[in-house]
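Remarks on the structure that follows.
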Amino acid sequence: MRFVRLDTPKPISKIGLGTWQFGSREWGYGPDYERRAAEIVRRALDLGVTLFDTAELYGFGRSERILGAALADDRAKVVVASKIFPLLPVAPVVQQRAVASAARLGVDGIDLYQVHQANPVVADTTTMRGMRSLQDVGLVGEVGVSNYDLRRWRFAEAALGRRVLSNQVRYSMIDRGPEEDLIPYAEQAGRIVIAYSPLAQGFLSGRYDATNPPAGAVRRANPYFLPENLARGTQLIATLREVADAHDATPSQIALAYVLRHPNVVAIPGASGVEQMERNAAAADIDLADDEYAALVAAAHAFRPVTGLAAVPRMIRARLGK
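Residues in the sequence shown are numbered from 1 upward in steps of one, following the UniProt record's numbering.
See the structure below:
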């Protein structure tokens, strides 16, 4: 396992484990998901993963409980990250919700406490006042944000009066917006971009095509999985397979290696089983050659999916089977 080269109390692995799925039945976790989740977490620990990300919103607290129980006595050895859902995130509420998350996780302190989404009405001034108080009493180690643009990330840091260590954003080969400003800022300022959905919810795995779309409700709601977009992604997947063959790897591992090539980026893919966790962790050790990376960049730029408002009528037709 490789780690981010930053001054943090605990090392942060380049591959973490995202636990949105834990306790969320829409992802297909049935009655045995707590046992399966525990197996995934224990294997992640064996593989050197130190970053485990959850949120109070995931499964309405179940994800935090499942993760905390699975980590057991290893909680103090790893970076436990959670997120506050930004409903009225004024200082007293931030403090109250952190206490509740820590209790569900079974920890004395949350290593990285993040604002899940920028609130359009409540200023970060009051939110970060609550975060600063949590740091002062030792309940929170590092503060992070999620889904923030660069301007608001910097404002949040000014409001905190300390570093806001991380910004968790959607980043993958086909969601490359962070490459414009967030990643350069992280590298210049000694911060971290945490990439969620680094496999674009499995689009980059090569498992799906226009004749074999995903069945799950979450993926069906993603316009990337429209038959037209799956067809348009054929060349991109072919390039991923070509590079993967050269490394005796999978397309998913190459897609992860793409985002991890940036020194201040970590990725938190989810895992539905131990084998997937093992494959994800192995991606941290893949070194892409310059020409391979250039080929991936070119293929990613050539992919032009139908998204936004243009995708809405197509998604309705796809849902109706027309």
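Ideal Cβ positions, reconstructed from N, Cα and C, are used throughout, including at glycine.
Tell me, to the nearest whole angstrom, how far the beta carbon of residue i is from that of residue j; I am working on the premise that it is less than 8 Å.
i, j, result
"residue 337", "Ile-254", "Shown here, the chain extends from 1 to 322; a query on residue 337 therefore has no answer."
"Phe-60", "Gly-16", "With 8 Å as the limit, Phe-60 and Gly-16 do not qualify as a contact, their Cβ atoms being about 22 Å apart."
"Ala-295", "Val-243", "7 Å"
"Thr-127", "Val-115", "6 Å"
"Leu-112", "Ala-81", "4 Å"
"Gly-270", "Gln-21", "5 Å"
Taking just the CA atoms, how far does residue j sit from residue i?
i, j, result
"Leu-226", "Tyr-171", "20 Å"
"Leu-182", "Arg-152", "11 Å"
"Tyr-58", "Gly-18", "10 Å"
"Ala-200", "Arg-132", "34 Å"
"Gly-138", "Leu-71", "21 Å"
"Ala-298", "Ala-102", "44 Å"
"Phe-303", "Ala-231", "10 Å"
"Pro-251", "Arg-129", "43 Å"
"Tyr-148", "Glu-179", "14 Å"
"Glu-275", "Arg-42", "12 Å"
"Val-143", "Thr-211", "44 Å"
"Asp-108", "Ala-98", "11 Å"
"Ile-66", "Asp-291", "42 Å"
"Leu-6", "Ile-268", "18 Å"
"Ala-156", "Asp-245", "43 Å"
Have a look at the DSSP bridge pairing and note the partners of residue i.
i, result
"Val-259", "In the DSSP output, where bridge partners are listed per residue, Val-259 has none listed."
"Glu-142", "Leu-112"
"Ile-66", "BP columns for Ile-66 are empty, so no partner."
"Ala-195", "Val-169 and Ala-267"
"Glu-52", "Position check: residue 52 holds Phe in this sequence, whereas Glu was assumed. According to DSSP, which records beta bridges pairwise, Phe-52 is partnered with Leu-17 and Val-80."
"Val-122", "BP columns for Val-122 are empty, so no partner."
"Asp-175", "Ser-172"
"Val-164", "Val-143"
Taking the CB atoms as reference points, tell me whether residue i and residue j lie closer together than 8 Å.
i, j, result
"Val-94", "Ile-84", "yes"
"Ile-12", "Val-266", "yes"
"Val-145", "Val-164", "yes"
"Ala-249", "Ile-192", "no"
"Pro-305", "Tyr-208", "no"
"Met-173", "Ala-283", "no"
"Arg-62", "Gly-68", "no"
"Pro-198", "Leu-240", "no"
"Tyr-185", "Leu-150", "yes"
"Ala-281", "Leu-47", "yes"
"Arg-2", "Lys-14", "yes"
"Thr-54", "Glu-64", "yes"
"Val-4", "Asn-264", "yes"
Buried or exposed for residue i, going by 16 or more other Cβ atoms inside 10 Å?
i, result
"Asp-124", "buried"
"Arg-104", "buried"
"Glu-56", "buried"
"Gln-168", "buried"
"Ala-159", "buried"
"Thr-234", "exposed"
"Gly-206", "buried"
CB of residue i to nearest heavy atom of the ligand SAH: below 7 Å?
i, result
"Pro-223", "The ligand SAH is absent from the structure shown, which contains no ligand whatsoever."
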